[in-house]
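Peer 1: Quick note, the sequences are listed as chains Y and L, same order. For the first sequence, my numbering assigns the number 165 to the initial residue and increments by one for each residue that follows. For the second sequence, my numbering assigns the number 3 to the initial residue and increments by one for each residue that follows. Here a beta-carbon is modelled for each residue, glycine too, at the ideal position from N, C-alpha and C.
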Amino acid sequence: MDMFAVWYFVETTINGALIGLMYALIALGFVLIYKSTDAINFAQGQFVMISGVMVAALSADYGVPIVLGAIIALVFMILFNVMLERIVLRPMIGRPVVAIIMATIGLAAFLEGLFPMIFGATTRALDLGIPNDPIIVGTVYLTPINVVGGAVALTFFGAFSIFFMKSRKGVALRAVADNHQVSMAMGINVERYFVLAWSMAGVVAVLGGLLWGSAIGVDNTLAVVGLKVFPVVILGGLESIIGAIVGGIIVGVIEAWGGTYIDPAMTQPWFREFFPFEGGGTKDFLPYLLMIVVLFFKPYGLFGKVQIERV
Amino acid sequence: MFHRESGYYKTTYASDSALYPLPIARFAVAGFAVLFFVVAPLLVSSYYLTILNLVGIAIVGALGLNILVGLTGQISIGHAAFMSVGAYTAANLATRFDLPFWITLPAGGLMAAAIGIIVGFPSVRIKGLYLAISTLAAQFIIDWFIVHTPAISGGFQASIQVPRPSVFGIVLDTQRELYMFILVTVVIAIVIALNIARSRIGRAFIAIRDQDIAAEILGIDVRRYKLMAFAISSFYAGVTGVLYTYYSGVANNEFFPLVVSIDYLAMVIIGGMGSVLGAIFGATFVTLLPIAIDLVMTSVGPYLIDDAGALSGIKSHMRLILFGGLIMFFLVVEPEGLNRLWLNIRSYFRVWPFSY
Numbered sequence: 165m166d167m168f169a170v171w172y173f174v175e176t177t178i179n180g181a182l183i184g185l186m187y188a189l190i191a192l193g194f195v196l197i198y199k200s201t202d203a204i205n206f207a208q209g210q211f212v213m214i215s216g217v218m219v220a221a222l223s224a225d226y227g228v229p230i231v232l233g234a235i236i237a238l239v240f241m242i243l244f245n246v247m248l249e250r251i252v253l254r255p256m257i258g259r260p261v262v263a264i265i266m267a268t269i270g271l272a273a274f275l276e277g278l279f280p281m282i283f284g285a286t287t288r289a290l291d292l293g294i295p296n297d298p299i300i301v302g303t304v305y306l307t308p309i310n311v312v313g314g315a316v317a318l319t320f321f322g323a324f325s326i327f328f329m330k331s332r333k334g335v336a337l338r339a340v341a342d343n344h345q346v347s348m349a350m351g352i353n354v355e356r357y358f359v360l361a362w363s364m365a366g367v368v369a370v371l372g373g374l375l376w377g378s379a380i381g382v383d384n385t386l387a388v389v390g391l392k393v394f395p396v397v398i399l400g401g402l403e404s405i406i407g408a409i410v411g412g413i414i415v416g417v418i419e420a421w422g423g424t425y426i427d428p429a430m431t432q433p434w435f436r437e438f439f440p441f442e443g444g445g446t447k448d449f450l451p452y453l454l455m456i457v458v459l460f461f462k463p464y465g466l467f468g469k470v471q472i473e474r475v
Numbered sequence: 003m004f005h006r007e008s009g010y011y012k013t014t015y016a017s018d019s020a021l022y023p024l025p026i027a028r029f030a031v032a033g034f035a036v037l038f039f040v041v042a043p044l045l046v047s048s049y050y051l052t053i054l055n056l057v058g059i060a061i062v063g064a065l066g067l068n069i070l071v072g073l074t075g076q077i078s079i080g081h082a083a084f085m086s087v088g089a090y091t092a093a094n095l096a097t098r099f100d101l102p103f104w105i106t107l108p109a110g111g112l113m114a115a116a117i118g119i120i121v122g123f124p125s126v127r128i129k130g131l132y133l134a135i136s137t138l139a140a141q142f143i144i145d146w147f148i149v150h151t152p153a154i155s156g157g158f159q160a161s162i163q164v165p166r167p168s169v170f171g172i173v174l175d176t177q178r179e180l181y182m183f184i185l186v187t188v189v190i191a192i193v194i195a196l197n198i199a200r201s202r203i204g205r206a207f208i209a210i211r212d213q214d215i216a217a218e219i220l221g222i223d224v225r226r227y228k229l230m231a232f233a234i235s236s237f238y239a240g241v242t243g244v245l246y247t248y249y250s251g252v253a254n255n256e257f258f259p260l261v262v263s264i265d266y267l268a269m270v271i272i273g274g275m276g277s278v279l280g281a282i283f284g285a286t287f288v289t290l291l292p293i294a295i296d297l298v299m300t301s302v303g304p305y306l307i308d309d310a311g312a313l314s315g316i317k318s319h320m321r322l323i324l325f326g327g328l329i330m331f332f333l334v335v336e337p338e339g340l341n342r343l344w345l346n347i348r349s350y351f352r353v354w355p356f357s358y
């Protein structure tokens, strides 16, 4: 095998892994909420979308600098999520999973209608000032936004790990995640930590909105990134933050391989001889296929907590 | 007033689970039969019959999803994919083998049921969120396979023209004829759904929904019944897909995206989970909502906003906002949905004009 093919493979894999880290960042918002409040948030992609739309619209239409726009979005997202927890999700504690899933799906539709109506549905660019020229390491070309995104995601994961392991609030949040009733008995104000978890998810959403918005542009389709969260969290296991990172990297790499190797292979005659498929687009469903396979063998994901159920 | 119950005592289990709990139900059903079979096709104009047709198609799908979500407590976010399976099965059978609708309709349903069993298979081991996401995966995977297999999808555009169904040599090509065709299917679907709910199978479903481990201890074969729920539910979805194909004359995967799956879940939730009447209410409500918004915005909108382009943009956004808002509202405020509202009205009139 010639060296070029090897380097190309390395390049594809690394870029895929960096994109995967950006997926993991969004998945982190999902995991944070699920871990601490047991609520399943199907609107995480929409959170990312609305923060991206807000920053882009403020900077494009009103001339607000990106940094200020990001701060406004941050404050808004935190307030919004706190209110959401209060009004919609707290009354639903203890209800069946289907109901909570549907409520957040409803929320997703609501946000997808409301924000484009306020700020306009046009696609905007979100310029964070990251150059477009590829970063060249040896013979490997890396996309700058992905490098920045991956670095930010890793930094954030580091910060979160320290927060969860060392700080008083982090330890309390872990206790809440583990068992609501016992934490209450230990004198932890569980509802306050629900609010904390939702605000942290808001912060993560703004970060995700900035990074993804600058990578693929800002409009309603930004929310589609949210659909990638599910294979990420299921592969990694819903309770685990490490799982989110590993799941993210797996999904990113699989997508990259799908786009670079499987799609072109599908047009080859030897492939067509065996499989009757046409066209490409495998990268959209490969992560899901992998997820299903993993679910058959490890029903709670790679790092998930195995739940033992008692009647 | 309408609903006097005194003097009717249920002394056996059979009478308690009877299809008509009170004599009034018989009259009501007869009345509705006359209304929908005779009055509606004669008096309602063609445009409104189109809407009724859409409602009818939605009712079939909602009834099926209700069996899975409402009765059995499982979840499927990939129901539109089963509709797609039904639609393409019927379209291929109808165009390649010239088969009539009374073969393609059940064939589409059966094919969807077979796929549904495969998709439902993870439900044996996992539940809740994991199941929700694996059905979501099914939506993407099935959709991809249909579109990218020319043998199924009929080529690049993934759409197949389907001839209109014909009964006794009459080709059903007007809305009025299609209406009768859809109505008959809807009635059969309702009768089957009602009977499933009150039979042994339905009781097993409900036991699994309420507590699956306890159900297993009671001697219910949980695995078999969960898969059965998936099969029945996807059969309904497949039939919905076939109906939609005959209704529009084209089988196309664009009709069955993820959003449609969510629409059907919304029907079940807004209508009230676990009740046949609720599914009918929900299907009617969700189908009529965009039409009503369109009507209101067209008549009121021009006074508020001059720009026609902006107005049409707002219409589609309003639909999403109201749709999402209503789902959240019903879940938080009235979890039992429209069906509960209806029951409240009914029990108010039960003792009317007295308050006790």
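Let me confirm a value: L/Gln177 is counted as buried when at least 16 other C-beta atoms fall within 10 Å, else exposed. Which label applies?
Peer 2: Per the 10 Å Cβ criterion, buried.
Peer 1: Report all residues from its chain with a CB closer than 7 Å to the CB of L/Thr74; omit the five preceding and five following residues, and keep chain order.
Peer 2: Within the same chain, L/Thr74 has close Cβ partners Phe207, Ile210, Arg211, Lys228, Ala231.
Peer 1: Can you have a look at L/Ala92 and say buried or exposed, based on whether 16 or more other CB atoms are within 10 angstroms of its CB?
Peer 2: So L/Ala92 counts as buried.
Peer 1: How big is the Cα-Cα spacing for Y/Phe467 and L/Ala134?
Peer 2: Y/Phe467 and L/Ala134: Cα-Cα distance of roughly 19 Å.
Peer 1: Rounded to whole angstroms, what's the CA-CA distance from L/Ile347 to L/Gly339? Just pull it up for me.
Peer 2: Answer to the nearest angstrom: the Cα atoms are 13 Å apart.
Peer 1: What does the Cβ neighbour count give for L/Trp354, buried or exposed, with the cut at 16 atoms within 10 Å?
Peer 2: By the neighbour-count rule (16 or more Cβ atoms within 10 Å), L/Trp354 is not buried but exposed.
Peer 1: Measure from the alpha carbon of Y/Leu453 to the alpha carbon of each residue in Y/Ile398, Y/Val470, Y/Asp225, then state which is nearest.
Peer 2: The shortest C-alpha separation from Y/Leu453 is found at Y/Ile398.
Peer 1: Can you give me the Cβ contacts of Y/Met455 inside the same chain, cut-off strictly under 7 Å, excluding the 5 residues immediately before and after it?
Peer 2: Cβ neighbours of Y/Met455 beyond the five flanking positions: Pro395, Ile398, Leu399.
Peer 1: Just the C-alpha distance for L/Ile77 and Y/Phe194, rounded to the nearest angstrom, thanks.
Peer 2: So the alpha carbons of these two residues sit roughly 20 Å apart.
Peer 1: Using the Cβ count rule (16 or more neighbours within 10 Å means buried), how would you classify Y/Pro428?
Peer 2: Exposed is the call here.
Peer 1: Only counting the same chain, and skipping five residues up and downstream in sequence, which positions put a Cβ closer than 6 Å to that of L/Leu279?
Peer 2: Result list for L/Leu279: Asn341, in chain order.
Peer 1: Residues in its own chain within less than 6 Å of Y/Ala387 by CB, not counting five upstream and five downstream?
Peer 2: So the qualifying residues of the chain are Gly209, Gln210, Met213.
Peer 1: Is there at least one Cβ from chain Y nearer than 7 Å to L/Gly326's Cβ?
Peer 2: Taking Cβ atoms only, chain Y reaches closer than 7 Å to L/Gly326, which makes this a yes.
Peer 1: Exposed or buried, what is L/Asp175 when buried is set at 16 or more other beta-carbons lying within 10 Å of its beta-carbon?
Peer 2: Under this definition L/Asp175 is an exposed residue.
Peer 1: Rounded to the nearest angstrom, what separates Y/His344 and Y/Val174 at their Cα positions?
Peer 2: For Y/His344 and Y/Val174, the distance between alpha carbons rounds to 45 Å.
Peer 1: For L/Met85 versus L/Thr289, is the C-beta distance shorter than 7 Å?
Peer 2: Cβ atoms of L/Met85 and L/Thr289: not closer than 7 Å.
Peer 1: So, using beta-carbon positions, are Y/Leu337 and L/Ser136 closer together than 7 Å?
Peer 2: Contact: no.
Peer 1: Let me see if you follow: with CB-CB separation under 7 Å, is Y/Gly390 close to chain L or not?
Peer 2: By this cut-off, Y/Gly390 is not an interface position.
Peer 1: Starting from L/Arg342, find everything on chain Y with Cβ-Cβ shorter than 8 Å and list it in chain order.
Peer 2: Within chain Y, no residue comes near L/Arg342; the closest Cβ sits about 14 Å away, beyond 8 Å.
Peer 1: Measure the CB-CB distance between Y/Pro229 and Y/Asn384 and report whether it falls below 7 Å.
Peer 2: Not in contact: Y/Pro229 and Y/Asn384 (Cβ atoms no closer than 7 Å).
Peer 1: Below 9 Å on C-beta distance, what does L/Pro124 contact in chain Y?
Peer 2: Residues of chain Y passing the Cβ test: Ile456, Leu459, Phe460, Pro463.
Peer 1: So which of Y/Met348, Y/Gly401, Y/Ala237 has the shortest CA-CA distance to Y/Ser215?
Peer 2: Of the listed residues, the one whose Cα sits closest to Y/Ser215 is Y/Ala237.
Peer 1: Is there a Cβ from chain Y that is less than 7 Å from the Cβ of L/His319?
Peer 2: Interface residue, yes.
Peer 1: Give the residues from the segment 254 to 273 of chain Y that approach chain L closer than 8 Å (Cβ to any Cβ), ordered along the chain.
Peer 2: Those would be Pro255, Met256, Arg259, Pro260, Val261, Val262, Ala263, Ile265, Met266, Ala267, Ile269, Gly270, Leu271, Ala272, Ala273, in chain order.
Peer 1: With 16 as the cutoff for other CB atoms within 10 Å, does Y/Ile418 come out buried or exposed?
Peer 2: Buried: at least 16 other Cβ atoms inside 10 Å.
Peer 1: With a 10 Å radius around its C-beta and 16 neighbouring C-beta atoms as the bar for buried, classify Y/Phe450 as buried or exposed.
Peer 2: Position check: residue 450 of chain Y holds Leu in this sequence, whereas Phe was assumed. Looking at its Cβ environment, which holds 16 or more other Cβ atoms inside 10 Å, Y/Leu450 is buried.
Peer 1: Buried or exposed, going by whether 16 or more other CB atoms sit within 10 Å of the CB of L/Met3?
Peer 2: With a pLDDT of 42 at L/Met3, under the threshold of 50, the modelled position of this residue cannot be trusted; read the value that follows with caution. It is exposed - the Cβ of L/Met3 has fewer than 16 other Cβ atoms within 10 Å.
Peer 1: Check whether chain L comes within 7 Å of Y/Val470, counting only Cβ atoms and requiring the distance to be less than that.
Peer 2: Taking Cβ atoms only, chain L never reaches closer than 7 Å to Y/Val470, which makes this a no.
Peer 1: Mind checking L/Ser125: buried by the 16 CB within 10 Å criterion, or exposed?
Peer 2: It is buried - the Cβ of L/Ser125 has at least 16 other Cβ atoms within 10 Å.
Peer 1: Can you list the residues of chain L that Y/Met281 reaches, using a CB-CB cut of under 8 Å?
Peer 2: Under the 8 Å cutoff, chain L gives Gly315, Ile316, His319, Met320, Ile323.
Peer 1: Can you list, in chain order, the stretches of the beta strand (DSSP E) that have 3 or more residues and sit fully within the segment 249 to 328 of chain L?
Peer 2: Complete beta strand (DSSP E) runs here, min 3: 252 to 254.
Peer 1: Does the beta carbon of Y/Val359 sit closer than 7 Å to a beta carbon anywhere in chain L?
Peer 2: No, Y/Val359 does not count as interfacial toward chain L.
Peer 1: For Y/Phe129, which residues in chain L fall below 7 Å Cβ to Cβ?
Peer 2: The requested residue 129 of chain Y does not occur in the structure, where chain Y is confined to residues 165 to 475.
Peer 1: Would you call L/Glu256 buried or exposed, if buried means 16 or more other Cβ atoms sit within 10 Å of its Cβ?
Peer 2: Label assigned to L/Glu256: exposed.
Peer 1: Drop a sphere of 10 angstroms on the beta-carbon of L/Asp18, count the other beta-carbons inside from all chains shown, and report buried for 16 or more, exposed for fewer.
Peer 2: When all chains shown are included, L/Asp18 counts as exposed.
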